[in-house]
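If you count the sequence shown from 1, position 143 lands on 156 in this note's numbering, and the numbers rise without skipping. This report concerns only the one structure given below.
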Amino acid sequence: MTDRYLEIATSDAVKDLQERWGGRSAYSRFESGPLTSNQLGPEEIAFIEDTDSFFLASLNESGWPYIQHRGGPPGFLKVLENNRLGFPDFKGNRQYLSFGNILKNPHVSLFLIDYPARARLKIFGHAKLVEGDSVPEALRKIEDNPA
């Protein structure tokens, strides 16, 4: 767990509860000192490149959370840069709930799970929709061959 992750996840209300119910000292040590990089390291990149599914959380205009499963062949979630991910949108039920949410509020969270290894990776980020010629070549190849 990095200090950047905790900086986003730990609100004042969370800190108050940690103080009241215990656990504050275990996490406060991440807050002392300079913030570390928000770049993905080799372990995170390998985890992402091996995944064949993840959950994407977004917020609608009323503030209600929505979570959606995204799946594809291993490697469909691409590390485009060490702090930038991309994935193709395979045709689904055409509700566009997540994408509609992202148009109004780009804050998202991704939750990747490797069930056999009992490991997980949680990522906070800002999402944007990319269409047409702006789609990176690495994602176009996956869109043409989803399985």
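The beta-carbon is built from N, C-alpha and C at its ideal position, and this holds for glycine as well. Owing to the predicted nature of the structure, the values given are computational and were not obtained by experimental measurement.
Alpha-carbon spacing of residue i relative to residue j, whole angstroms
i	j	result
Glu-44	Ala-22	12 Å
Gln-81	Phe-68	5 Å
Ser-111	Ser-71	6 Å
Gly-35	Val-27	11 Å
Leu-93	Gly-99	6 Å
Phe-60	Gly-76	30 Å
Tyr-128	Val-121	22 Å
Glu-74	Gly-138	18 Å
Glu-150	Glu-144	12 Å
Ser-24	Tyr-18	11 Å
Lys-117	Ile-136	20 Å
Continuous beta strand (DSSP E) stretch holding residue i: start and end
i	result
Leu-134	132 to 139
Pro-55	Premise fails: Pro-55 lies in the alpha helix (DSSP H), 55 to 63, not in any beta strand (DSSP E).
Gln-81	78 to 84
Buried versus exposed call for residue i [16 or more other C-beta atoms within 10 Å across all chains shown]
i	result
Leu-30	exposed
Phe-89	buried
Lys-97	Note that residue 97 is Arg in the sequence shown, not Lys. Exposed is the call here.
Arg-83	buried
Asn-114	buried
Ala-39	exposed
Pro-101	buried
Where the alpha helix (DSSP H) through residue i begins and ends
i	result
Tyr-40	37 to 41
Glu-32	25 to 34
Lys-91	Per DSSP, Lys-91 belongs to no alpha helix (DSSP H); it is in the beta strand (DSSP E), 91 to 94.
Whole-number beta carbon distance between residue j and residue i, since they are thought to touch under 8 Å
i	j	result
Arg-131	Leu-125	Wrong, their Cβ atoms sit about 13 Å apart, outside the cutoff.
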